[in-house]
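*Asks:* Let me begin by handing over the structure; questions about it come next.
Residue numbers (the working numbering): 26 to 243.
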């Protein structure tokens, strides 16, 4: 049987070993946690959609007040109001729009969400659309929503027709004349019955010619 002195020394030795182990363990554990090569904390990944998702592109709007002030005969004169838009008429007489110097085949034109681009060359003649039928314009430049379809890296222009905020009918007729026998006639009619509404717009423009100097070789 051990003497009390030897037993006390053994107990003290065991307590010393336990204290040394407890002192070393926190430093070892801390070293493991701060080692970025072996320990990673992954945050929660949240996928949002709908109204909570951030917009992928800036939408610019041209209200009816600016469109009416222009008194434009056709849509090409209205689209000139879009910042960064360039209007040009090609050799076939088609009036096309370029957004931020993107190709005309990379810009999609919609009427109330319906694509107007001709499928075979992905173009649309803006001069063929009556300006009196347009109520506002929405423009998305650069990367656009997949809802616009393909070939819209240059942007998308959505032409919104004029509508009535109340039930009833509205008819507008305009006539303009000028030099060189220039004449322009336009008429539009809007109707709304309950949740249903429709609109019709017609335009006719003609000009006999342009003045040229005497003796010009044409």
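For each residue, glycine too, the CB sits at the ideal point set by N, CA and C.
Give me the Cα-Cα distance between residue 116 and residue 122, rounded to the nearest whole angstrom.
*Replies:* C-alpha separation (whole angstroms): 14 Å.
*Asks:* Could you work out which residue in 118, 107, 220, 91 is closest to residue 181 when comparing CA atoms only?
*Replies:* Checking every option, the nearest Cα to that of residue 181 belongs to 107.
*Asks:* If the criterion is Cβ atoms closer than 8 Å, does the pair residue 110 and residue 103 meet it?
*Replies:* Not a contact, by the Cβ cut-off of 8 Å.
*Asks:* May I ask you to verify whether the stretch 183–191 touches the stretch 134–153, counting CB pairs closer than 8 Å and requiring at least 3?
*Replies:* As far as the Cβ criterion goes, the stretch 183–191 touches the stretch 134–153, which means the pair count is three or higher.
*Asks:* By the three-class DSSP mapping on this structure, what secondary structure does residue 130 have?
*Replies:* Residue state, collapsed to three classes: helix.
*Asks:* Decide if residue 198 is buried, meaning its Cβ has at least 16 other Cβ atoms within 10 Å, or exposed.
*Replies:* Exposed is the call here.
*Asks:* Using the beta-carbon count (16 or more within 10 Å), is residue 114 buried or exposed?
*Replies:* Residue 114 comes out exposed.
*Asks:* Would you mind working out which of 170, 212, 221 sits nearest residue 10, comparing C-alpha positions?
*Replies:* A query on residue 10 cannot be resolved here, the shown segment of the chain reaching from 26 to 243 and no further.
*Asks:* Helix, strand or coil for residue 90, going by three-state DSSP, please let me know.
*Replies:* The answer is helix: DSSP assigns residue 90 an H, G or I state.
*Asks:* Between the beta-carbon of residue 233 and the beta-carbon of residue 206, is there less than 8 Å?
*Replies:* Yes, they are a contact pair.
*Asks:* On the CB-based measure, 16 or more other CB atoms within 10 Å of its CB, does residue 91 come out buried or exposed?
*Replies:* Residue 91 comes out exposed.
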